[in-house]
Each structure stands twice: as C-alpha cells, then as structure tokens.
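To convert, count from 1 in the sequence shown and add 800; that's my numbering.
Here a beta-carbon is modelled for each residue, glycine too, at the ideal position from N, C-alpha and C.
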Amino acid sequence: MRRPTTDTFRHQGLRKKLIKLLEEKGITDALVLGAMERVPRHFFLDRGFEEIAYEDRAFPIEAEQTISHPFTVAFQTQLLQLKKWSRVLEVGTGSAYQAAVLAEMGARVFTVERQRTLYDQVLQFQWLSKKYPMIEFFYGDGYAGQPKFAPFDRILVTAGAPQVPEGLIPQLKIGGILVVPVGEGAAQRMHRIVRLSETETQQEVFGEFQFVPMLKGKN
Ligand code: SAH
C-alpha cells in the first residue's frame, strides 16, 4: 500500500467540512468531533483514495475489509463516553483509523485484528506508532478479548456480531461500557451495554449500521 504522507491545508479544510456534516447528522460530542478533525483519515488509506477520503463513505482496505463511515466512527465513539486515560479494547483494528481517534482522545488502546495482512500492515505504519505510542496492536480472535490486559473501561467492537459477544463482558470493569453492532445479514443495530455489577448489565439499542461480519478464529 502507498500511503499519503502530507496533511495539507486542503485536507484540513475537507476535514472541517466533514465535521460540519457529522454535526448536521446529529453528532454532538465536542471531544469526538475535535479528535476526528485532527486525525488525517487519508493517511489510513491508499493514495488512490486521497481525494475522496473525507467523504462520509466506507472504503475498501486489504483482506476484503473496510474502513468504517466517518459517521459510524463518530457514533460509536460518542456512545463510548470516553474519559482521558480510559483503557479501551477495540475488536477489529482494520486500518487503525478508529484506534487513532480513540488515542487522540487520550485513551489507552488495545486493538485486536484477526486478519494477518491487516495486522502486519498496521505494524509497518510508522507515522501511527510514532504519533500514538499508547496504541497496542494484537493479532488474534477478538471473541477472546485480551484477558492479560483486562479489565477495560470500554470495549468497542467494529465488526457486526451475530449476537452480543457475552464472553467480552467479564473483561469490562463494573460501570464499563461495551459498544457493539449486532445482527446477521445486511444491517446491524448498535448496542450499548453497561456492566452494572458482577451479574447485571443494562442494554440500549440504537439505529442501523452496516458492518463487515465479526468472524471466529484467525486468518
Ligand atoms: N476499526 C476499523 C474498521 C475495520 S472493519 C477501522 O477503523 O478501519 C472490521 C474489522 O474487524 C476487519 O478488519 C475484520 O477483519 C475485523 N474482525 C472481524 N472479526 C474479528 C474478530 N473476531 N477479531 C478481531 N477482528 C475481527
């Protein structure tokens, strides 16, 4: 992959426009909008997408996966209600754009990807590791979480799970939040699950989104 390496005034202007669009679409969290205004999304894509990187669209990355729509990234991140220094587990590193947005907001990020190609690619992305040393990358099956680094304040799943991945809930702190798109087929409904106690959770369901499937095992 050939990545762009310069962030020009033009890119910054396009980002400003995108942020306005996200606000019009209902995103209100200034911390989320601020972080997305600072992270150069075009760096996470091949040069071929440089001109269109700030449209509210998903784009293909390697291994038949996609970088999520900016609106989806903003919506999921807003639901997380991050605090500075939150420990966040992300399932589905993909391009690592979402991980960068979380890190930009001051989170400590543990992100896991099941596609070897994507994991290898992200390790070679030098700008990213220099800019965000607080992101740790793992190759593995996100259904297993990252027990060695648990418990987490937040868990964010960026692939569509057929059901709520219950196995992740014990890796949340009490009071912690899991955001996960749930559903098989063409569309998923966004779920936010708060771990109230050792045994209780509270669940809210939001609108429909489209995700690549959360699959078992590694590839
Ligand atoms: N957060 C990403 C979006 C990637 S799309 C970004 O910002 O670009 C979803 C990703 O989840 C894909 O890369 C897919 O390979 C990955 N994925 C699917 N099932 C997974 C699992 N069980 N464990 C880890 N990653 C998974």
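Here the region 876-890 makes contact with the region 949-968; the two share three or more CB pairs at distances below 8 angstroms. When distances are taken from the beta-carbon of L1015 to the heavy atoms of the ligand SAH, the shortest one is below 7 angstroms.
Under the three-pair Cβ rule at 8 angstroms, the region 849-861 does not count as touching the region 929-944. 8 angstroms or more divides the Cβ of V994 from the Cβ of I969. Beta bridge pairing from DSSP links P1013 with G960. Membership of F875 in the alpha helix (DSSP H) is indicated by the continuous run P870 to L880. With fewer than 16 other Cβ atoms inside 10 Å of its own Cβ, Q924 counts as exposed. Restricting attention to beta strand (DSSP E) runs no shorter than 3 residues, the region 889-964 encloses them at 908-913, 935-939 and 952-957, ordered along the chain.
Residue pairing for V994: DSSP places it in a beta bridge opposite I977 and Q1002. The ligand SAH has a heavy atom closer than 7 angstroms to the beta-carbon of D941.
Its chain contains K884 and W885 as the residues whose beta carbon lies nearer than 7 angstroms to that of G906, once the 5 sequence neighbours on both sides are disregarded; these appear in chain order. The beta carbons of F844 and S895 sit closer together than 8 angstroms. Comparing C-alpha distances from P933 to each of G940, R841 and A899 shows the shortest one belongs to A899.
Beta-bridge partners of P860 (DSSP): T866. Look at L968 here: in three-state DSSP terms it is helix. Counting only the Cα atoms, A950 lies some 18 angstroms from T1001. Taking every protein chain shown into account, the CB of T808 has fewer than 16 other CB atoms within 10 angstroms, so this residue is exposed. Residue L972 holds the alpha-carbon nearest to the alpha-carbon of L996 among F1011, G983, L972 and G826. Taking C-beta atoms as the reference points, E837 and R803 fail to come closer than 8 angstroms. The C-beta of E1008 has fewer than 16 other C-beta atoms within 10 Å across all chains shown, which makes the residue exposed.
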